[in-house]
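S.K.:
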Amino acid sequence: MNLAKKLVSAKCESQLRYLLRATRGKDETRNETEGYLGTIRTGLKNIELADSAGQLLGIEGSSARAYFAGLPTLIKNSDSSLVPNGRSKRPPKDPFNAALSFLYSLLYKSVRQAIISVGLEPSFGFYHTPRSSAEPLVLDLMELFRVSVCDILLVGSINRKSWIDEDFEITKHKVWLSESGRKKATQLYESRLDDTWKHPVVNYSLSYYRMIELETRLLEKEWSGEAGIFAQARLR
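Just so you know, we're using the numbering used here here: the sequence shown kicks off at 1 and counts up by one.
1) In three-state DSSP terms, what is Lys174?
2) Considering just the uninterrupted stretch of the beta strand (DSSP E) at Ser81, what are its terminal residues?
3) What are the complete beta strand (DSSP E) segments, minimum 3 residues, inside the segment 139 to 201?
4) Drop a sphere of 10 angstroms on the beta-carbon of Trp163, count the other beta-carbons inside from all chains shown, and report buried for 16 or more, exposed for fewer.
5) If contacts are defined as beta-carbon pairs under 8 Å, then Leu218 and Ile229 qualify, I think. What distance do you get, rounded to the angstrom?
6) Leaving out the 5 sequence neighbours to the left and right, which residues in its chain are closer than 8 Å to Tyr189 when beta-carbon positions are compared?
7) Return the first residue and the last residue of the alpha helix (DSSP H) that Leu106 is part of.
8) Pop quiz: Ser63 and Gly38 are said to be a contact at Cβ under 8 Å. What is the actual Cβ separation, rounded to whole angstroms?
9) State the start and end residues of the unbroken alpha helix (DSSP H) segment that holds Leu56.
10) Under the DSSP definition of a beta bridge, which residues are partnered with Arg131?
11) By a C-beta neighbour count over all protein chains shown, 10 Å radius and 16 as the cutoff for buried, is Phe68 buried or exposed?
12) What separation, rounded to the nearest whole angstrom, lies between the Cα atoms of Arg131 and Glu143?
13) CA-CA distance, Gln15 and Glu166?
14) How big is the Cα-Cα spacing for Ala185 and Glu226?
15) Which residues bound the alpha helix (DSSP H) around Ser14?
16) Quick check on Met211: buried or exposed, where buried means 16 or more other Cβ atoms within 10 Å of its Cβ?
17) So, helix, strand or coil for Leu235, using DSSP?
18) In the DSSP assignment, the beta strand (DSSP E) including Leu219 goes from what residue to what residue?
19) Of the choices Glu215, Gln187, Arg192 and Ser191, whose alpha-carbon is the least far from that of His199?
20) Would you kindly report the start and end of the unbroken alpha helix (DSSP H) that includes Lys45?
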């Protein structure tokens, strides 16, 4: 449970910090998100009180709903077709969620590659349970990077007007990225992985690509009995 609590705490705090950072100095937008921020703060306080994975999942789910409800306020053009209405997946129901799901699939591959390279077994996780073909440990470690690698990337690219209608295939019940959309998302993602960030705990800069590997190795140390700084990095 201790590792799971670290994981959920890191994810929820990253969500909180992103909303706070993106609305800093914008009183109207901050007011719009205040209720969502309060929900996430409450969730963070309740994490240590949780005594089961089910309770943690409930806290994470509540915080995620608040977070995704607040994300649309960060998109500058409120008339954009890329403004989401919450989170939808399997299948995505709007262009925002189609792009986000694709970015998450790229993150899945990166995290899985890091797990394999470190020598861990991706099917043995400590928080998520097996479902479909998604491997639990990959889903676990992805939680540390969803906000910093994918969410921030997508919102920023929307605000820069990087997307066009032809990047999406829209049907009555689902939305997917077109070939041009997948190519664009992949280029944006690979560029994001090359961005460097100063890890606040180890106190040196490294790319997000290396950060994923570092957190995987720190998890290995935790499992080897060297409890330390796994999942301690936080979005600034």
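The C-beta atom is built at its ideal place from N, Cα and C for all residues, glycine as well.
M.R.: Quick answer:
1) Lys174 falls in the coil class under three-state DSSP.
2) Note, Ser81: premise wrong, no beta strand (DSSP E); not H, not E.
3) 168 to 170, 175 to 177 and 196 to 198
4) buried
5) 6 Å
6) Leu103, Leu106, Leu107, Val149, Cys150 and Leu153
7) Taken as a continuous stretch (DSSP letters only), the alpha helix (DSSP H) holding Leu106 covers Pro95 to Val118.
8) With a Cβ gap of about 11 Å, Ser63 and Gly38 do not count as contacting.
9) Ala53 to Gly70
10) Ala134
11) buried
12) 16 Å
13) 30 Å
14) 38 Å
15) Asn2 to Ala22
16) buried
17) coil
18) Premise fails: Leu219 lies in the alpha helix (DSSP H), Tyr208 to Trp223, not in any beta strand (DSSP E).
19) Taking only the C-alpha atoms, the option nearest His199 is Glu215.
20) Asp27 to Ile47
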